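Numbering (this note's numbering), first residue to last: 62 to 111.
Note that beta-carbon positions come from the ideal geometry of N, C-alpha and C, so glycine has one too.
Predicted model only: the values in this text are computed from it and were never measured.
And the structure:
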């Protein structure tokens, strides 16, 4: 059961990251910011997986 919750959180996180990245790409405000958010979120996922 816990595994399914982790997968669901992972999917939601990916969708959120893609949405945020797309928003910043469209506005061309700061691609670097989107990269930082993505890397931070990925590090969080790795930490949760262990």
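Item: Can you tell which of 68, 69, 96 has its C-alpha closest to the C-alpha of residue 81?; Value: 96
Item: In terms of alpha-carbon separation, which member of 65, 87, 70, 93 lies closest to residue 105?; Value: 70
Item: Only counting runs of 3 or more residues, tell me where the beta strand (DSSP E) segments fall wholly within the stretch 62-107, in order along the chain.; Value: none
Item: Do residue 102 and residue 83 have their C-beta atoms within less than 7 Å of each other?; Value: no
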